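Novice: Before anything else, here's the structure in question.
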Amino acid sequence: MEYRRRAILGASAAGIAAAVGGCLGPDTGSEGSIAGEELALATTTSTEATGLLDEINAAFEERFGTRVAANAEGTGAAIRSARDGNADVILVHARSREDEFMQEGYGVNRRDLMFNDFVIVGPSDDPAGVSDAEGAAAAFDAIASAQAPFVSRGDESGTHTKELVIWENADTEPGGEWYRSLGQGMGETLTHANEAGAYTLSDRGTYLSRDDIDLEILVQGPIEGGPELLANPYGIMAVNPEIHSNVNYQLAMTYIGFVTSPRGQEIIAEYTANGEQLFYPEALSAEPNFQQYVPEGWQPDSADE
């Protein structure tokens, strides 16, 4: 995936909104059938910690007269909640876990939603020399070699999943007193790393939304020319009503339609914290990306072609 700042499609694309989710009616009261209902959304801590989730949900609630009951956990916990039928829709950021969720039949109608990237942050004096490393895996190797303190979320979140992928690409397995696994969210992890003078992996959005920490970005992600290994795409999908008959599929698809519409994408693009754009919309494109709908790398059987 090529990461770049993308322009939001203008008013000429407004007609896409209804087709995107299949449920966005015109402003003539057609949404009345869902007014007063409640959507169960399972999502990641980064969408909540940055404040973006409140912005999106407030606009959705105003537009449709519904309430969004959002449960912000790590991606792993959000997917487990959806597997158990306790969510109508999930918004997460670990593509391998999303693909597994879809292949098992629990998720349907996946869409690319937005992206930012991951960054490796640490104390300004950088005792492990991370800023001189060539890439994310080399940076982790430098931390392990120096046995400099590293704080892991350790919670099966999208960020933790990405951290484990980076360790797999490194020459060292994490462990020992220098490696601290918290089992907590991104906000708590950044706070702990800041207090301990430690390194950690953070999504850019959560890091930029914090003005109370002294940690610095030492390895950039692809938004600022860093390695693609640190890419951080977000996806959204409905829970399959054939697996869990209790889910509100119509409302889930209305929400997906809204956040992937020109208006929803505009909200994402315009949302900032401390003067910085935190996320980049990705749902609308003149060049459709078929792979967003199916597990990565999926190809039809030759008999179906």
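In terms of UniProt numbering, the sequence shown opens at residue 1 and continues consecutively.
All C-beta atoms in this analysis are idealised placements derived from N, C-alpha and C, irrespective of residue type, glycine included.
Computed from a predicted structure; not experimentally measured.
Measure the alpha-carbon distance for glutamate 55 versus glutamate 224 and round it to whole angstroms.
Specialist: 25 Å
Novice: Sort out for me which residues DSSP pairs threonine 43 with in a bridge.
Specialist: Bridge partners of threonine 43: Ala72, Leu91.
Novice: If the criterion is Cβ atoms closer than 8 Å, does the pair serine 202 and valine 121 meet it?
Specialist: yes
Novice: Beta carbon of alanine 72, beta carbon of leucine 53: below 8 Å?
Specialist: Judged by their CB atoms, alanine 72 and leucine 53 are nearer to each other than the 8 Å cut-off.
Novice: Let's test the definition: count the other Cβ atoms within 10 Å of the Cβ of tyrosine 249 and tell me whether it reaches 16, buried, or not, exposed.
Specialist: buried
Novice: Where do the ends of the beta strand (DSSP E) carrying arginine 210 lie?
Specialist: Element bounds for arginine 210: n/a, residue is neither H nor E.
Novice: Under DSSP, the alpha helix (DSSP H) around phenylalanine 258 begins and ends at which residues?
Specialist: Element bounds for phenylalanine 258: 249-259.
Novice: In the structure shown, what three-state DSSP assignment does aspartate 126 receive?
Specialist: The answer is coil: DSSP assigns aspartate 126 none of H, G, I, E or B.
Novice: Starting from the C-beta of valine 130, find all residues in its chain whose C-beta is less than 7 Å away, skip the five residues before and the five after it, and write them out in chain order.
Specialist: These residues qualify, in order along the chain: Ile120, Gly122, Ala139, Ala142, Ile143, Tyr199, Leu218, Val219.
Novice: Between the Cα of leucine 215 and those of Val151, Thr44, His160, spot the shortest distance and give me the residue it belongs to.
Specialist: Nearest C-alpha to leucine 215: Val151.
Novice: I'd like to know if the region 252-272 and the region 152-159 are in contact, where contact means that at least 3 CB-CB pairs between them fall below 8 Å.
Specialist: no
Novice: Sorted by chain position, which residues of the same chain lie with C-beta nearer than 6 Å to tyrosine 234's C-beta, five sequence neighbours on each side aside?
Specialist: His93, Leu113, Met114
Novice: Taking the straight line between their C-alpha atoms, what separation do you get for valine 294 and arginine 111?
Specialist: 9 Å
Novice: Please classify glutamate 163 as buried or exposed, where buried requires at least 16 neighbouring CB atoms within 10 angstroms.
Specialist: Answer is buried; the Cβ neighbour count reaches 16.
Novice: What does a CB cutoff of less than 7 Å around valine 259 pick up in its chain, not counting 5 residues either side in sequence?
Specialist: Ile56, Leu113, Ile236
Novice: In angstroms with no decimal places, state the Cα-to-Cα distance between threonine 254 and alanine 146.
Specialist: 50 Å
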